[in-house]
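Asker:
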Amino acid sequence: MYNVAIVGATGAVGEEFLRILEERNFPVKKLVPLASKRSVGVEVEFRGETLKVKELTCDVFKEEDIDIAFFSAGGSVSAKFAPCAVEAGAIVIDNTSHFRMDPDIPLVVPEVNPEDIKDWKKKGIIANPNCSTIQMVISLKPLHDEFGIKRVDVATYQAVSGAGKKGMEELLEQMRAIFNFKLDKKVEEREVFPWQIALNVIPHIDRFMEGGWSREELKMVNETNKIMHSNIEVAPTCVRVPVLRSHSEAISIYCEKEVDVDRAREVLANFEDVKVIDNPEKNEYPMPIIATDTDYVYVGRIRKDLFNPKVLHFFNVADQLRVGAATNAVRIAEKWIEMEGEKFLQGKRNGKK
Ligand code: A2P
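The sequence shown begins at 1 in the numbering used here and counts up by one.
(1) Is any non-hydrogen atom of the ligand A2P found closer than 7 Å to the C-beta of K166, if you look at the structure I gave you?
(2) Report the rounded CA-to-CA distance for V261 versus E249, giving the unit in angstroms.
(3) At the level of alpha carbons, what is the spacing between G74 and T96?
(4) Kindly indicate which three-state DSSP category T50 falls into: helix, strand or coil?
(5) According to the neighbour-count rule (16 or more other Cβ atoms, all chains shown, within 10 Å of its Cβ), is A269 buried or exposed?
(6) Should V221 be listed as close to the ligand A2P, given that the test is whether its C-beta is under 7 Å from any heavy atom?
(7) With D94 as the anchor, note down where its beta strand (DSSP E) starts and where it stops.
(8) Could you tell me the alpha carbon to alpha carbon distance between F307 and P194, rounded to whole angstroms?
(9) Beta-carbon within less than 8 Å of M136's beta-carbon, same chain only, minus the 5 sequence neighbours each way: which residues are those?
(10) Taking N222 as the reference, which of E63, I134 and T327 has the closest Cα?
(11) Buried or exposed, going by whether 16 or more other CB atoms sit within 10 Å of the CB of T57?
(12) Do you know how far the Cα of L218 is from the Cα of E233?
(13) Could you tell me whether the region 103 to 121 touches the region 67 to 85, using the rule of 3 or more Cβ pairs below 8 Å?
(14) Are E127 and L140 touching if we call contact CB-CB under 8 Å?
(15) Exposed or buried, I289, counting other C-beta atoms within 10 Å across all chains shown (16 or more means buried)?
(16) Using the Cα positions of Q346 and E169, report the straight-line distance between them to the nearest angstrom.
(17) Less than 8 Å between the beta carbons of L110 and R331, yes or no?
(18) Can you look up Q158 in the DSSP assignment and give me helix, strand or coil?
(19) How do the region 286 to 305 and the region 51 to 70 stand: do at least 3 beta-carbon pairs fall below 8 Å, yes or no?
(20) In this structure, how does DSSP classify S72 when only helix, strand and coil are distinguished?
(21) So for V323, helix, strand or coil by DSSP?
(22) Need the endpoints of the alpha helix (DSSP H) that P194 sits in, please.
(23) Run through DSSP, which three-state label would S230 get?
(24) Suppose you measure from the CA of A9 to the CA of V187; what does that come to, to the nearest Å?
(25) Does the beta-carbon of N328 have 16 or more other beta-carbons within 10 angstroms, so that it is buried, or is it exposed?
(26) For K122, I'd like the list of residues in its chain whose CB is within less than 6 Å of its CB, leaving aside the five on either flank, ordered along the chain.
(27) In terms of alpha-carbon separation, which member of V276, V53, R207 and A291 lies closest to G11?
(28) Report the start-end ranges of each alpha helix (DSSP H) in the region 116 to 193 that is 4 residues or longer and not cut off at the edges.
(29) First and last residue of the beta strand (DSSP E) that includes I253?
(30) How is S214 classed by DSSP in three states: helix, strand or coil?
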C-alpha cells in the first residue's frame, strides 16, 4: 500500500484523481490532497472520508512520507515542487508539459508504450502526455501496427475543461449571459479564452510559436513521436469549442500500405480501452456526451479516402479529464506498481532501517 499525494487536488483534474483512485481501488494507504495556500482546509471526499487540503510546500512530501505524487497544478508548480517530492523518495507522475520532452523522463500512455516506464529511475519522474495526444495515440497505435502510418493530419475540437475549472466556468457564465441577453458585458470580463467561447469556435490553444503553429499543436507533433518511437509527420490544427468536457478529433492517416476499413475497425475494437461506435446509418458515432465520465477512446466515422487507397479518415472522442489526464496517470501508476512497486517499497524499508 502506498502514501499518495495529489498536487492540485482542488482542480478539475485533481477532483477526477480522487474519484478514479477510489473507483479503481488503487492501493492507497494514506491520501494527502495538496493545493495552494488559498485552499488550505478545503474538504475533499475520499472513500467515504473527509480530508482537509494541505498547503503544497517542499517539505510536505517528507513530512507525509509520500510514495507516489500525482502533479496537476501547472508547469511552474511542477518545476518547483516535483524535485522536492523526488528528493523525499517519492515517484512523481506529472500531468503538466514541463518535463515531457526531457530525454531522461519517460512520456507514457500505458496502452502504447508501457515498456518506457522502466526509465522512471533516471529522474524519479514519469510524464503524462498532453490530453489531445493521449487519445490520438491510443487510436493510432493499432492502425500504425497494421498499416504503417507515415503522416497524420488532425483537427481537434477541444472542450473548455482543458483550461481547468476556470475555463468551464467562463463558458457557463457566457451561456447564462446569452440567456439573459447580457452577453456583451460577460465577454468584456472574459479571463481564460482570447475570445467569446459561447456560440463560437477559437482556432487558438496555448500561445503561438514560430511558423504560425500553436504550442498545443507542437505538443501533439513532438509527444506523438516520443511516445510511439516514430518519425510520423503530424499536422494538427487545435481548436477550442464550446463543449464542457471531452475532446474530439478528426484524423486522417497516410499509410505505407493500402488501408482496409473492416480491418481498421477490427484492430481498433480489439485494442485496449478503445470502443468502436460506427453505424452512421443509425446515427451512431462518437460524441462528447457519450465519452464524458468514461475511460475509453471512442472511434467512429471510419472511412477510406475517395482518391488515395492508402489514406484512412476517422473521428475520435475521449473524456480528456479522465483518459487525457487523471486516468492515464493512474494507469501509469498501476503499471509502475506491477513492474517496480515491490522493489520500491523494499528499498524504502531498507533505507529507513
Ligand atoms: P487552488 O485551488 O488552491 O488554486 P484547474 O486546472 O482546475 O485550474 O486547477 C488547478 C489546481 O492547481 C488547483 O488545485 C489549484 O489550487 C492548484 N494550484 C494552482 N497554483 C498552485 C500553486 N502555486 N501551489 C499549489 N497548488 C496550485
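In this text, a Cβ means the ideal position worked out from N, Cα and C, and glycines have one as well.
Answerer: Short version:
(1) In the sequence shown, the residue the question calls residue 166 occupies position 166. Checking every heavy atom of the ligand A2P against the Cβ of K166, one is found closer than 7 Å.
(2) On the sequence shown, position 261 is the one that residue 261 refers to. On the sequence shown, position 249 is the one that residue 249 refers to. Roughly 18 Å separates the two Cα atoms.
(3) As a first step, residue 74 is located in the sequence shown; it is residue number 74 there, counting from the start. As a first step, residue 96 is located in the sequence shown; it is residue number 96 there, counting from the start. About 6 Å.
(4) The residue labelled residue 50 in the question sits at position 50 within the sequence shown. Correct three-state label for T50: strand.
(5) Residue numbering aside, residue 269 sits at position 269 when the sequence shown is read from its first letter. It counts as exposed.
(6) Against the sequence shown, residue 221 aligns to sequence position 221. Outside the cutoff, so no.
(7) The sequence position of residue 94 within the sequence shown is 94, counting from 1. Where D94 is concerned, the enclosing beta strand (DSSP E) stretches over I91 to D94.
(8) As a first step, residue 307 is located in the sequence shown; it is residue number 307 there, counting from the start. As a first step, residue 194 is located in the sequence shown; it is residue number 194 there, counting from the start. The straight-line gap from Cα to Cα measures roughly 38 Å.
(9) Residue numbering aside, residue 136 sits at position 136 when the sequence shown is read from its first letter. Counting only Cβ-Cβ distances below 8 Å, and skipping sequence neighbours, we find V152, V154, M220, T224, E249, I251 and N316.
(10) Residue 222 sits at position 222 when you count from the first residue of the sequence shown. It is I134 whose Cα lies nearest to the Cα of N222.
(11) The residue given as residue 57 occupies position 57 in the sequence shown. T57 comes out exposed.
(12) Looking up residue 233 in the sequence shown gives position 233. Looking up residue 218 in the sequence shown gives position 218. E233 and L218: Cα-Cα distance of roughly 11 Å.
(13) no
(14) The residue labelled residue 127 in the question sits at position 127 within the sequence shown. The residue labelled residue 140 in the question sits at position 140 within the sequence shown. Reading off the sequence shown, one finds Ala at residue 127, where the question assumed Glu. No. Outside cutoff.
(15) The residue you call residue 289 lines up with position 289 of the sequence shown. Classification for I289: exposed.
(16) Position 346 of the sequence shown, counting from 1, holds the residue named residue 346. Position 169 of the sequence shown, counting from 1, holds the residue named residue 169. Cα to Cα, Q346 sits roughly 45 Å from E169.
(17) As a position in the sequence shown, residue 110 is number 110, starting the count at 1. As a position in the sequence shown, residue 331 is number 331, starting the count at 1. Contrary to the premise, residue 110 reads as Pro rather than Leu in this sequence. Yes, these two residues count as a Cβ contact at 8 Å.
(18) One-based indexing of the sequence shown puts residue 158 at position 158. Note: Q158 maps to strand in three-state DSSP.
(19) no
(20) The sequence position of residue 72 within the sequence shown is 72, counting from 1. Of the three classes helix, strand and coil, the one that applies to S72 here is coil, per DSSP.
(21) Here residue 323 refers to the residue found at position 323 of the sequence shown. V323 falls in the helix class under three-state DSSP.
(22) Taking the sequence shown and counting its residues from 1, one reaches residue 194 at position 194. Counting along the chain, P194 falls outside any alpha helix (DSSP H), and DSSP gives it neither H nor E.
(23) Residue mapping note: residue 230 aligns to position 230 of the sequence shown, counting from 1. If DSSP states are grouped into helix, strand and coil, S230 belongs with coil.
(24) The residue you call residue 9 lines up with position 9 of the sequence shown. The residue you call residue 187 lines up with position 187 of the sequence shown. Distance between the alpha carbons of A9 and V187 is about 29 Å.
(25) Translated into the one-based positions of the sequence shown, residue 328 becomes position 328. The residue is buried, with at least 16 neighbouring Cβ atoms inside 10 Å.
(26) Position 122 of the sequence shown, counting from 1, holds the residue named residue 122. For K122, where only same-chain residues beyond five positions count, the Cβ hits under 6 Å are D104.
(27) For this step, residue 11 is matched to residue 11 along the sequence shown. Comparing Cα positions, the closest option is V53.
(28) 131 to 147, 164 to 179 and 183 to 188
(29) For the purposes of this step, residue 253 is identified with residue 253 of the sequence shown, where counting begins at 1. Unbroken beta strand (DSSP E) run through I253: H247 to C255.
(30) By one-based count along the sequence shown, residue 214 stands at place 214. If DSSP states are grouped into helix, strand and coil, S214 belongs with the strands.
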